[in-house]
Structures are given as C-alpha cells and as structure tokens.
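A.B. asks: Residue numbering for the sequence shown follows this note's numbering, starting at 82 and increasing by one per position. For each residue, glycine too, the CB sits at the ideal point set by N, CA and C.
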Amino acid sequence: MRLVPALVAGALLVGSVLAGCGREPAFEDRTARVTVDGDATTYQVDGCVLDGQTAYVVGRSDDGAVVQAVVGVEADGETGVPTSTGLTVTEDEVPVTAFGDEAWARRGETGDAPGSIDSARIRGARIQASGQAQPMAVDGSPTSADPVPVSFDARCDDPDTDG
C-alpha cells in the first residue's frame, strides 16, 4: 500500500515540473512587447503615464526602434476604447500605424485613420492593444501596402499619474 502514495507524489512532482516548462519568462516592469506581422520586438519603456482615462506609453528597443501608444480607457479603468486608441511603431525606418478614428482626430489629422484598432484594455499593470497597422511613408502618409497585424503589450507597475 505504500506504493500508491509514492505514485501520487511522483505524479504531482512530474506534473509541476512539466507545468513550469510551458511558462514564458517573467514580463519585466517598464517593458513592452510589440509584434508586427509576426515579428516580435522588446522595448524598454521610457515613459508611461496614466492621465485620467488615457494611458500613454513610449519605448525604445536596443536597436533604436520606437513605439508610441495611446490607449483610451473607460471610467472602470480597465475597458479599452478602440476608437480612442492608437499606436505607431518605427522599425527599420518604416513606421506602421494603427489608429481609431477619435485618436486620429485628436492628433489633428484629417481623413480616415490609418490601420485599425480591434481591441484595447488595461489589465492590472498591463496596457494592451491590437489591430491592423498600415505601413507609412517617410512623409507620414499611408502607403499602398496592405495592413499588417500588430499587437502591443506593455507593463508599467507604477505609471506616472496625472488625473
């Protein structure tokens, strides 16, 4: 009968070891992960501000790429507002941009917003958005290239607050 407890203990040990193998590395504070058309880049967050119902994040990768994001948030502090959200990623000197209509207009821009934002949210210390990003020309105008999938996930444990 001693065999049953030993088997149970062994199964629990193997299960816990296997469960740990599937975990991704810890997501460090002041870090952003951005995936553009399947290619992921990690950014060091240089600035993270929560101003009332808007979160702003700016980050830079080791190779000089830049990400800028603005995420509109409902009064509950969690529910994102895709129309009030936008992000720009500059990698390899070719920016890609995804904006909701309201965020685009708040920039003072006219015409249709480039790309689209499908989802946005605040989840604890995480600020997240995803959608379709439009490749942009150097002058800031949209190119004729097809939009590409983009996702943004930043962690700011202690964002600067102003409202």
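May I ask you to verify whether the stretch 137-146 touches the stretch 183-192, counting CB pairs closer than 8 Å and requiring at least 3?
C.D. replies: With a cut-off of 8 Å, the stretch 183-192 and the stretch 137-146 do not count as touching, because too few Cβ pairs lie within range.
A.B. asks: From which residue to which residue does the beta strand (DSSP E) around Arg187 run?
C.D. replies: No beta strand (DSSP E) contains Arg187, which is instead part of the alpha helix (DSSP H) from 182-187.
A.B. asks: To which residues of the same chain is Arg204 closer than 8 Å at the C-beta, ignoring the five residues directly before and after it?
C.D. replies: Glu159, listed in sequence order.
A.B. asks: Please classify Ser211 as buried or exposed, where buried requires at least 16 other C-beta atoms within 10 Å of its C-beta.
C.D. replies: Buried, by the Cβ-count rule.
A.B. asks: Identify, in the order they occur along the chain, each residue of the same chain with its Cβ nearer than 6 Å to the Cβ of Ala194, setting aside the five sequence neighbours on each side.
C.D. replies: So the qualifying residues of the chain are Phe180, Asp182, Trp185.
A.B. asks: How about Arg111 and Gly161: are their beta carbons less than 8 Å apart?
C.D. replies: No; because the gap between Cβ atoms is not below 8 Å, this pair is not in contact.
A.B. asks: State the beta-bridge partners of Cys129 as determined by DSSP.
C.D. replies: Beta-bridge pairing links Cys129 to Val138.
A.B. asks: If distances are taken between C-alpha atoms only, which option among Asp220, Gly192, Asp120, Gln149 comes closest to Ala235?
C.D. replies: Per the Cα distances, Gln149.
A.B. asks: At the level of alpha carbons, what is the spacing between Ser200 and Val231?
C.D. replies: The straight-line gap from Cα to Cα measures roughly 11 Å.
A.B. asks: So, under 8 Å CB-CB, Glu172 and Val219 are touching, yes? Tell me the CB distance rounded to an integer number of Å.
C.D. replies: About 14 Å; that fails the 8 Å criterion.
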